[in-house]
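Novice: Listed in order, the protein sequences are those of chains A and B. Be aware that the first sequence starts at 1234, since it is given in this note's numbering, and climbs by one per residue. Be aware that the second sequence starts at 1234, since it is given in this note's numbering, and climbs by one per residue.
2 protein chains.
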Amino acid sequence: MSKAAFIAGDWGTSRLRLYLCDAGGNVLARGEGEGASVPDCAGRFGAAVAAWDKAHGVLPAILSGMVGSTIGWREVPYLKCPAQPSAIAGAALRFQAGERGIAILPGLTCRGKTGAPDVMRGEETQILGALRLHPNLAKGRHIFCMPGTHAKWVAVTDGAVTQFQTALSGELFELLRRHSVLARDSGEVDSQNPAFMLGLDFARQKADLLHLLFSVRSRVVTGEMAKSDAASYLSGLVLGKDIATVLALFAFDSPVQLICTPALAALYGKALSAYDVKSAVIDGDRASLAGLVHAHAEIFS
Amino acid sequence: MSKAAFIAGDWGTSRLRLYLCDAGGNVLARGEGEGASVPDCAGRFGAAVAAWDKAHGVLPAILSGMVGSTIGWREVPYLKCPAQPSAIAGAALRFQAGERGIAILPGLTCRGKTGAPDVMRGEETQILGALRLHPNLAKGRHIFCMPGTHAKWVAVTDGAVTQFQTALSGELFELLRRHSVLARDSGEVDSQNPAFMLGLDFARQKADLLHLLFSVRSRVVTGEMAKSDAASYLSGLVLGKDIATVLALFAFDSPVQLICTPALAALYGKALSAYDVKSAVIDGDRASLAGLVHAHAEIFS
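1. Between the beta-carbon of isoleucine 1321 of chain B and the beta-carbon of leucine 1338 of chain B, is there less than 9 angstroms?
2. Say whether chain B places a C-beta atom closer than 9 angstroms to the C-beta of threonine 1395 of chain A.
3. In chain B, which residues lie with their C-beta within 9 angstroms of the C-beta of valine 1352 of chain A?
4. From glutamate 1265 of chain A to methionine 1299 of chain B, what distance separates their C-alpha atoms?
5. Using beta-carbon positions only, say whether serine 1468 of chain A and glycine 1362 of chain A come within less than 9 angstroms of one another.
6. Taking the straight line between their C-alpha atoms, what separation do you get for valine 1549 of chain B and threonine 1358 of chain B?
7. Measure how close the beta-carbons of threonine 1504 of chain A and leucine 1431 of chain A come, nearest whole angstrom, since I'm counting them as under 8 angstroms.
8. Does any residue of chain B bring its CB to less than 9 angstroms from the CB of aspartate 1441 of chain A?
9. Give the straight-line distance between the Cα atoms of alanine 1484 of chain A and alanine 1324 of chain A, rounded to the nearest whole angstrom.
10. Which one of B/Thr1399, B/Leu1364, B/Ser1512 and B/Leu1525 has the shortest CA to CA distance from alanine 1499 of chain B?
11. Can you tell which of A/Asp1273, A/Ser1506, A/His1527 and A/Thr1399 has its C-alpha closest to the C-alpha of isoleucine 1304 of chain A?
12. Output yes if chain A places a C-beta closer than 9 angstroms to the C-beta of alanine 1481 of chain B; else output no.
13. Using a Cβ cut-off of 7 angstroms, which residues of the region 1268-1298 of chain B contact any Cβ in chain A, in chain order?
14. Would you verify that the beta carbon of glycine 1301 of chain B is, or is not, closer than 9 angstroms to some beta carbon of chain A?
15. Are the beta-carbon atoms belonging to arginine 1250 of chain B and aspartate 1518 of chain B less than 9 angstroms from one another?
16. Can you tell me which residues form a DSSP beta bridge with alanine 1388 of chain A?
17. Candidates B/Gly1345, B/Lys1287, B/Ser1448 and B/Asp1441: which alpha carbon is nearest threonine 1395 of chain B's?
18. Can you confirm whether the region 1367-1380 of chain B touches the region 1453-1462 of chain A when touching is taken to mean that 3 or more C-beta pairs between the two stretches lie within less than 8 angstroms?
19. Within 9 angstroms of any Cβ in chain B, is that where the Cβ of serine 1319 of chain A sits?
20. In the DSSP assignment, find the alpha helix (DSSP H) that holds leucine 1251 of chain A and state where it starts and stops.
21. Assuming glycine 1403 of chain B contacts glycine 1381 of chain B (C-beta within less than 8 angstroms), just tell me the rounded distance between them.
22. Just the Cα atoms here: how many angstroms apart are serine 1506 of chain A and alanine 1496 of chain A?
23. Can you give the Cα-Cα distance for aspartate 1255 of chain B and lysine 1236 of chain B, rounded to whole angstroms?
24. Let me see if you follow: with CB-CB separation under 9 angstroms, is serine 1468 of chain B close to chain A or not?
25. So with Cβ pairs under 9 angstroms, would you call aspartate 1475 of chain A a contact of chain B?
26. Between which two residues does the alpha helix (DSSP H) harbouring leucine 1491 of chain A extend?
27. Using the beta-carbon of each residue, which ones in chain A are nearer than 7 angstroms to histidine 1412 of chain B?
28. Alpha carbon to alpha carbon, what distance is there between glutamate 1531 of chain A and aspartate 1475 of chain B?
29. Output the boundary residues of the beta strand (DSSP E) element that contains arginine 1307 of chain B.
30. How would you list, in chain order, the residues of chain B whose beta-carbon sits under 7 angstroms from the beta-carbon of glutamine 1359 of chain A?
31. Among A/Cys1378, A/His1289, A/Ala1336 and A/Glu1407, which one has its Cα closest to the Cα of isoleucine 1492 of chain A?
32. Based on the DSSP secondary-structure assignment, which residues constitute the bridge partners of arginine 1263 of chain A?
33. Pull up the DSSP beta-bridge partners for serine 1468 of chain A, would you.
34. Under 7 angstroms, CB to CB, which of the residues in the region 1357-1381 of chain B have a partner in chain A?
35. For the region 1482-1501 of chain A, list every residue whose C-beta sits within 9 angstroms of some C-beta in chain B, in sequence order.
36. Got a sec? Which residues, its chain only, sit under 6 angstroms from valine 1514 of chain B by beta carbon, not counting five neighbours each side?
This is the structure we're talking about:
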């Protein structure tokens, strides 16, 4: 086994993913920990890597995500777009935590298509990684999509993040599914269910989602749709509106690069396809790790 | 005191409002009870009016709202639009509950502007009442709005409900305010707060609400907006999108008739005014009562 050289950490609001890496960025071991929104990041990080410290000595760590926010360990100011990969690594906040050298990568901010400011933390590291895993994506213009609680749609030109747009897709779906009368006992989301396609199609309506959502209930109440199809229909409706809006905001001249879990990739891939948009898939965890390894090489070497 | 003749009940999902009326529809006493979504409507109604039964004998009752739904007392089929006031009263479900004659008014259904079915239960009774309170509204075409959990926008021509559209405005606002990271510690909604106007204005964007909602967080995170202004901004955003969508779906050739509480009327009135739409206010409880009294006269006389 090669020698452990550093620790990489993808530290989001709800979860910490840890990788023990050798100097070449190969993963020697994996670990997990609590999200960055719980107090005392310093103490919890120390506890999460204590076994590795004992076995390999205190190693430097590179971290990305909400750990750099006001609710995290140390606040790292957002970097403004357009942002080059080298600038992202260059804007890392470096500090000592006892014997350990820490670097936290910055998030990005931009003025969105709508005129409001937009922000991301963690997704910029996934893009860094995706560009390392697929160097062809560092040339020309590409749209990346990171589906999830807050879906990010990101335009990258010649490797630089130029602009992005956040949609509340994942969070809105979950809120409605868990707490609303709309989607009570509404079954599981199944992209093969015709109700998913009906939702995608109904989302083409010019009416805002606010005026389309009640159809989840009214179709069931009037007997047009089975209750157990409602979650699939709601999912189609939300994803369709997300995609329809993005298509109106951004030009799509190459396949959308989906950076996420295989399950989300299947769902978004099918939804994009219904809107005649091609997509390709990059594993989200792999992209995060590749981005952290790349940034580590830039910062610590 | 004149003689009690009947009981009128506005029985929604979360609340029962009761009125003891004389033959002319004057209110002699008021009462309250649990919503129609709790089991055993028959037993709970009997308990809620027991004192009146003792004092005045068992009186007939006219009810409207979710009490006529599948989760209520007895299901009353929806009446299809266009629906005349006389047809609404005529489609009441009449039955005996022990010694008491009961009539439950039907809800309405229509094919909405978006092509999906739409439904209401209770609001049709408020419209009946509004037309009795303001007979001038029974001539020509008028748009009524009942803001709330599920806001109803209703087109009425020569007294008949022709079409309506439901927006999830109230529910979506509450879900985001209570459960989302967007609006944590976000202050109280204040229509005088400039953030309310900023939200109304930002809602003019063509982008769907799904892509505008994250600005509640991003404006705070980037320091553009105080956290304590976020609820007012979110409210403006949701109301603005509701109104902008309705303006694209319906023609507005006279003031919108807001049927609701004074607080909601102030909020929607200001929002409509920002979109250059005039409005008038009809008290929601008064409209319900007037509708029930009118229907009682049609049914029982």
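By construction, the Cβ of each residue, glycine as well, lies at the ideal position given by its N, Cα and C atoms.
Specialist: With the given structure in hand:
1. Inclusion of isoleucine 1321 of chain B and leucine 1338 of chain B in the CB contact set at 9 angstroms is warranted, their separation being smaller than that value.
2. Taking Cβ atoms only, chain B never reaches closer than 9 angstroms to threonine 1395 of chain A, which makes this a no.
3. Going along chain B in sequence order, the residues near valine 1352 of chain A (Cβ under 9 angstroms) are Phe1447, Arg1450, Ser1451, Val1454 and Thr1455.
4. A straight line joining the alpha-carbon of glutamate 1265 of chain A with that of methionine 1299 of chain B spans about 48 angstroms.
5. Result no, Cβ atoms of serine 1468 of chain A and glycine 1362 of chain A do not sit closer than 9 angstroms.
6. With chain B covering 1234 to 1534 only, the question about residue 1549 of chain B has no answer from this structure.
7. The amino acid at residue 1504 of chain A is misidentified as threonine; the sequence shows alanine. Alanine 1504 of chain A to leucine 1431 of chain A, Cβ: 12 angstroms. No contact.
8. Yes - at least one Cβ of chain B is within 9 angstroms of the one on aspartate 1441 of chain A.
9. When rounded, the distance between both Cα atoms is 29 angstroms.
10. Relative to alanine 1499 of chain B, the option among B/Thr1399, B/Leu1364, B/Ser1512 and B/Leu1525 whose CA is nearest is B/Ser1512.
11. Residue A/Asp1273 is the option with its Cα nearest to isoleucine 1304 of chain A.
12. Output row for alanine 1481 of chain B: interface = yes.
13. Of all residues in the region 1268-1298 of chain B, none comes within less than 7 angstroms of chain A when Cβ atoms are compared.
14. At a cut-off of 9 angstroms between beta carbons, glycine 1301 of chain B makes no contact with chain A.
15. Result yes, Cβ atoms of arginine 1250 of chain B and aspartate 1518 of chain B sit closer than 9 angstroms.
16. Per the DSSP secondary-structure output, alanine 1388 of chain A pairs in a beta bridge with A/Ile1376 and A/Gln1396.
17. Nearest C-alpha to threonine 1395 of chain B: B/Gly1345.
18. Not touching, per the Cβ criterion.
19. No, its Cβ sits nowhere closer than 9 angstroms to a Cβ of chain B.
20. Per DSSP, leucine 1251 of chain A belongs to no alpha helix (DSSP H); it is in the beta strand (DSSP E), 1248-1255.
21. Contact between glycine 1403 of chain B and glycine 1381 of chain B is confirmed by a C-beta separation of about 5 angstroms, below the 8 angstroms threshold.
22. Per the coordinates, the alpha-carbon of serine 1506 of chain A lies some 16 angstroms from the alpha-carbon of alanine 1496 of chain A.
23. When rounded, the distance between both Cα atoms is 6 angstroms.
24. It does not: the Cβ of serine 1468 of chain B has no partner Cβ on chain A nearer than 9 angstroms.
25. Any Cβ of chain B closer than 9 angstroms to the Cβ of aspartate 1475 of chain A would place that residue at the interface, and such an atom is present.
26. No alpha helix (DSSP H) holds leucine 1491 of chain A; the beta strand (DSSP E) holding it covers 1489-1493.
27. Here the neighbours are Leu1408 and His1412.
28. Separation of aspartate 1475 of chain B and glutamate 1531 of chain A (C-alpha to C-alpha, rounded to the nearest whole angstrom) is 49 angstroms.
29. Premise fails: arginine 1307 of chain B is in no beta strand (DSSP E) and is neither H nor E.
30. None at all; the shortest Cβ gap to chain B is about 18 angstroms.
31. The shortest Cα separation from isoleucine 1492 of chain A among A/Cys1378, A/His1289, A/Ala1336 and A/Glu1407 belongs to A/Cys1378.
32. According to DSSP, which records beta bridges pairwise, arginine 1263 of chain A is partnered with A/Tyr1252.
33. According to DSSP, serine 1468 of chain A bridges with nothing at all.
34. Taking 7 angstroms as the upper bound on Cβ-Cβ separation, chain A lies near no residue of the region 1357-1381 of chain B.
35. Taking 9 angstroms as the upper bound on Cβ-Cβ separation, chain B lies near residues Leu1482 of the region 1482-1501 of chain A.
36. Taken in chain order, the residues that qualify are Leu1491 and Ala1498.
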